[in-house]
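Below is one structure; the comments refer to it alone.
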Amino acid sequence: MINLIYLTVLLPLLGFAFNGLFGSKIKNEKVIGIIGSSTVGIAFIVTLLAFFETLNLPVENRSNTVELFTWLSVAGLNVKFA
Numbered sequence: 109m110i111n112l113i114y115l116t117v118l119l120p121l122l123g124f125a126f127n128g129l130f131g132s133k134i135k136n137e138k139v140i141g142i143i144g145s146s147t148v149g150i151a152f153i154v155t156l157l158a159f160f161e162t163l164n165l166p167v168e169n170r171s172n173t174v175e176l177f178t179w180l181s182v183a184g185l186n187v188k189f190a
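For reference, each letter of the sequence shown is one residue, going 109 to 190 in the working numbering.
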């Protein structure tokens with residue numbers, strides 16, 4: 109679950125983008141509210157699961173870095189988006 113921690117940022121952003129782009133076409137405000145709330149709620153659940161998974165690790169292994177992609181790579185210098 110720790111490898112899915114990027115979803116804590118991505119899911120609310122996707123909910124915002126969906127509601128921003130298609131919210132005016134969806135006339136039912138209840139559906140718009142469900143989309144916005146569920147994306148934030150699922151992101152919260154992912155965060156909790158990652159937190160409890162981290163608590164089960166030994167203390168010396170509790171630091172995690174999730175590398176999403178290499179942002180810049182020039183002459184041996186690799187800057188990762190993590």
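We put the CB at the ideal spot given by N, CA and C, even for glycine.
{"query": "Cβ-based neighbour list, G144, same chain, cut-off 7 Å, excluding 5 preceding and 5 following", "result": "G123 and N127"}
{"query": "Residue environment, T173, which counts as buried when at least 16 other CB atoms sit within 10 Å", "result": "exposed"}
{"query": "Bridge partners - K188, DSSP secondary structure assignment", "result": "T178"}
{"query": "Beta-carbon spacing of T147, T116 below 7 Å", "result": "no"}
{"query": "Reduced DSSP category for I134 - H, G, I as helix; E, B as strand; rest coil", "result": "coil"}
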